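A.B. asks: Sharing a structure with you now.
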Amino acid sequence: MRRYPRTRAFRACLAACLCSALLPATLRAASDEVPRLTFAQLVDSIRADSELTQSIKSYSGKEIEIHGFIVPAGPPDLSFFMLSRVSALGNYCCEVPVGQDETVFVFAAKAVKLLYDPLRVYKVRGVFEAGMSSDPANGSSLFRVRQARVEEAVGAPIFKVGETPPAAAAKP
Amino acid sequence: MTILTVAIKYLRGRLLASVLTTVSIALGVGLVIASILVSRGIKEGFVAGATDYNLVVGAKGSPTQLVLAVVFRMDIATPNIEYTVYEELKDDPRIDVAVPVMVGDAYQGFRYVATNSAYFAVFPWRRRMYSLSSGRFFRDDPVDSPAYEAVLGAEAAGGTGLRLGDRFYEGEEMADHPLTVVGILRPTHSADDRAIFISLSSFWGMNELAHGMVIKPLTAVLVRPKRLSDITGLHRERNVAAETQAVLPSGVLLTIFNMMAVAQEALNMILVIVGVIVLIYVFVAMYSATLERRREIATMRALGARRATVLAIVLVESGTLAVAGGIGGILAGHAAAYLAAAMLAARSGLVSQPFQFDAVQPAVLAIVILLGALAGLLPAVLAYRTEVAENLAPLS
């Protein structure tokens, strides 16, 4: 009879330990649930009259993730740069240079500290904006990501026009 | 007497050793601070001096050489391209502004930069504005009748001593066409401060080879497209062409920063080794000082001083040395960074700010005090454990 409370206390302690061990992973998993947009989705979102579809506009103001190559079109502190499906230095590649539909203006939350590699894919997370906009410093753009955080996307595939990522395909 | 007073008296008692220990700490800290400020200053100097144009089109070769020569004037100019490249780019409907640039020789070390009035024009996307402290800009004179007028950057004017209306030339071949100073620019905190700007016609007129050419030469064309998304297309077109290359200046600078990061990592390792050596030196100094005065410590203990007081005295001693060395090192580091910044500005036109105070200085000082106290910990424990009876025994 005396043992029972001890067993309960042990179980409670064990449960607390497991919770505290799993909590960071759970939180991380929750924070990872940011919708990932692809350049294919961006291209598909442009209608014949240059308007954007409601589905891409629905991401406006929300945090999203997008992968692509950095085109350092702004200052060298990368506070502003373009993210593109195709590398800026792909002279020897068969890819055709992209236009406005496959270019995202990225405004970093703070000066970006990373080893820049023109042939490496980077992961950008920030607040998405869709729709034509123009500012004096950088001109016009269709898609923008503000308050962006940038990091290398290790082993990330780049989806081309016509391809759909598994995550997007699973969505209704 | 307080613990601090006793500790300072002990330090003054062995003044030479205390000063040498402080100087060694100051040298180590100064080295760390100077290396942080100089590397940061170089990077910020490159960022501040970067061009507002998104593409630089020049001859095939090294992209780094092209950007360093045309934007920062740190390297020899790349081979020439034909003026027709500029005309093609100027007429391209995708391009907002194209500016021709010819980088030439130097007058008293200040490079000639030949361009047209668009170089100084105001655009909504420009961060850097050009204004005159005196005089006027040179005119876009026709090729067959160059005006031989010059506009000096602020440092070029200061360095050469030239004033408005002065006529100058360097070298016999230029004696036929002396340049006249018509304007002096306000400081732009970039390599342009060290440039002597002249018109393209004046440059071609002064240069015997260019004078005889039907299609005139250029070093590069600075390009700003109407839509930034056209950069990749323009970049590709110019790079697949046989004679030209297009370079993103920010991309080149980021590559330079990558190389600097590798050098910085190697330097950091050296700095860590220097830190360890200084730490060992402080430890040895404090340890030998404690060994030397075990008799004094025993006397203090016999007169009623507690073990904790003795421990605190030694820790305060090493802490005081660390504070003095840390502050001295921070000041020395800033002085060294200032000298390095002045040298960089004079040699390369890179402008950096060596007197930036932020979280680095307090963090370095805190680490130095902590390490200083750590170096004094073992000697302090030795003092703490000093046996009174054993150390007050007659010496002979």
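Quick note, the sequences are listed as chains A and B, same order. Just so we're aligned: 5 in our numbering is position 14 of the first sequence, and the numbers increase by one with no gaps anywhere. Just so we're aligned: 472 in our numbering is position 110 of the second sequence, and the numbers increase by one with no gaps anywhere. Positions of the beta carbon are idealized from the N, C-alpha and C atoms, including for glycine. Only a predicted model underlies this, so the values are computations on that prediction, with no experimental measurement involved.
#1: Mapping the DSSP letters down to three states, classify valine 24 of chain A as helix, strand or coil.
#2: Which residue from A:Leu106, A:Val77, A:Arg111 and A:Ala128 puts its Cα closest to that of phenylalanine 98 of chain A?
#3: Since methionine 123 of chain A meets chain B, which of its residues come closer than 9 Å, beta carbon to beta carbon?
#4: Tell me leucine 514 of chain B's beta-bridge partners as DSSP assigns them.
#5: Hey, valine 544 of chain B and glycine 574 of chain B: beta-carbon distance below 9 Å or not?
#6: Which residues, in chain order, does the segment 90 to 104 of chain A contribute to contact with chain B at a C-beta distance below 7 Å?
#7: Less than 9 Å separating the beta-carbons of glycine 411 of chain B and alanine 625 of chain B?
#8: CA-CA distance, leucine 494 of chain B and leucine 547 of chain B?
#9: Write down the C-beta distance between alanine 608 of chain B and valine 447 of chain B rounded to the nearest angstrom, noting that I regard them as a contact closer than 8 Å.
#10: Within 9 Å of any Cβ in chain B, is that where the Cβ of leucine 69 of chain A sits?
#11: Using a Cβ-Cβ cut-off of less than 7 Å, give me the residues of the segment 404 to 415 of chain B that come near chain A, in sequence order.
#12: Helix, strand or coil, according to DSSP, for histidine 539 of chain B in the structure here?
#13: What number of angstroms, rounded off, separates the C-alpha of proline 163 of chain A from the C-alpha of glycine 613 of chain B?
#14: By how many angstroms is the C-alpha of tryptophan 566 of chain B removed from the C-alpha of alanine 582 of chain B?
#15: Would glutamate 679 of chain B pass as a contact of alanine 651 of chain B if the rule is Cβ separation under 9 Å?
#16: Return the CA-CA distance between leucine 18 of chain A and glycine 423 of chain B, expressed in angstroms with no decimal places.
#17: Using the C-alpha atoms, what's the distance from proline 540 of chain B back to methionine 73 of chain A?
#18: Give me the Cβ distance between isoleucine 642 of chain B and glycine 688 of chain B, rounded to the nearest whole Å; I'm assuming they're in contact under 8 Å.
#19: Going by beta-carbon coordinates alone, are proline 67 of chain A and leucine 712 of chain B separated by less than 9 Å?
#20: Examine chain B for any beta-carbon lying closer than 9 Å to the beta-carbon of leucine 33 of chain A, and answer yes or no.
#21: Find out if the Cβ-Cβ distance for the pair phenylalanine 530 of chain B, valine 513 of chain B is shorter than 9 Å.
#22: Let me make sure I understand the geometry here. Which of B:Leu727, B:Ala431 and B:Gln715 has the alpha-carbon closest to that of alanine 697 of chain B?
#23: Does the beta carbon of leucine 74 of chain A sit closer than 9 Å to a beta carbon anywhere in chain B?
#24: Is the CB-CB distance between alanine 79 of chain A and isoleucine 593 of chain B below 9 Å?
#25: Please give me, in chain order, every unbroken run of the beta strand (DSSP E) with length at least 3 that falls completely inside the segment 701 to 753 of chain B.
#26: Since serine 131 of chain A meets chain B, which of its residues come closer than 8 Å, beta carbon to beta carbon?
#27: Exposed or buried, which one is glutamine 32 of chain A when buried takes at least 16 other CB atoms within 10 Å?
#28: Please compile the residues from chain B whose C-beta is within a distance smaller than 7 Å of the C-beta of valine 77 of chain A.
#29: Going along chain B in order, which residues have a C-beta closer than 8 Å to the C-beta of alanine 139 of chain A?
#30: Report back the beta-carbon spacing between proline 508 of chain B and serine 561 of chain B to the nearest angstrom; my notes put them in contact at under 8 Å.
#31: DSSP three-state call for glycine 122 of chain A: helix, strand or coil?
#32: If the criterion is Cβ atoms closer than 9 Å, does the pair glutamate 93 of chain A and tyrosine 113 of chain A meet it?
#33: Rounded to the nearest angstrom, how far is the Cβ of proline 587 of chain B from that of arginine 473 of chain B, given a contact under 8 Å?
#34: Could you please give the first and the last residue of the uninterrupted beta strand (DSSP E) stretch that includes valine 77 of chain A?
#35: Determine the direct distance from the alpha carbon of threonine 383 of chain B to that of arginine 376 of chain B, and round the result to whole angstroms.
C.D. replies: Judging by the given coordinates:
#1: The question names valine, yet the displayed sequence has glutamate at residue 24 of chain A. Three-state result, glutamate 24 of chain A: coil.
#2: A:Ala128
#3: None at all; the shortest Cβ gap to chain B is about 11 Å.
#4: B:Ile546 and B:Ile558, per the DSSP bridge assignment.
#5: no
#6: Gly90, Gln91 and Thr94
#7: no
#8: 4 Å
#9: Not quite, the Cβ-Cβ distance comes to about 10 Å (not below 8 Å), so this is no contact.
#10: yes
#11: Answer set for the segment 404 to 415 of chain B: Phe408, Val409 and Ala412.
#12: coil
#13: Annotation note: pLDDT 41 at proline 163 of chain A (below 50); position unreliable, coordinate value reported separately. Straight-line Cα distance between these residues: approximately 40 Å.
#14: Rounded to the nearest whole angstrom, the CA to CA distance from alanine 582 of chain B to tryptophan 566 of chain B is 15 Å.
#15: yes
#16: Reliability of the predicted coordinates at leucine 18 of chain A is poor, the pLDDT of 49 falling under 50, and the value obtained from them is presented with this limitation in mind. Whole-angstrom Cα-Cα distance: 50 Å.
#17: 46 Å
#18: Their Cβ separation, rounded to whole angstroms, is 17 Å, which puts isoleucine 642 of chain B and glycine 688 of chain B out of contact at 8 Å.
#19: It is not a contact, given that the beta carbons lie outside the stated cut-off.
#20: no
#21: 9 Å or more divides the Cβ of phenylalanine 530 of chain B from the Cβ of valine 513 of chain B.
#22: Nearest C-alpha to alanine 697 of chain B: B:Gln715.
#23: no
#24: Their beta carbons are under 9 Å apart, which means alanine 79 of chain A touches isoleucine 593 of chain B by this criterion.
#25: none
#26: Arg589
#27: buried
#28: The answer, in chain order, is Thr594.
#29: Going along chain B, no residue has its Cβ under 8 Å from alanine 139 of chain A, so there is no contact; the nearest lies around 16 Å.
#30: 7 Å
#31: strand
#32: Their beta carbons are not under 9 Å apart, which means glutamate 93 of chain A does not touch tyrosine 113 of chain A by this criterion.
#33: So it is not a contact: roughly 27 Å between Cβ atoms.
#34: Looking at the DSSP string, valine 77 of chain A is not in any beta strand (DSSP E), and its letter there is neither H nor E.
#35: Distance between the alpha carbons of arginine 376 of chain B and threonine 383 of chain B: 11 Å.
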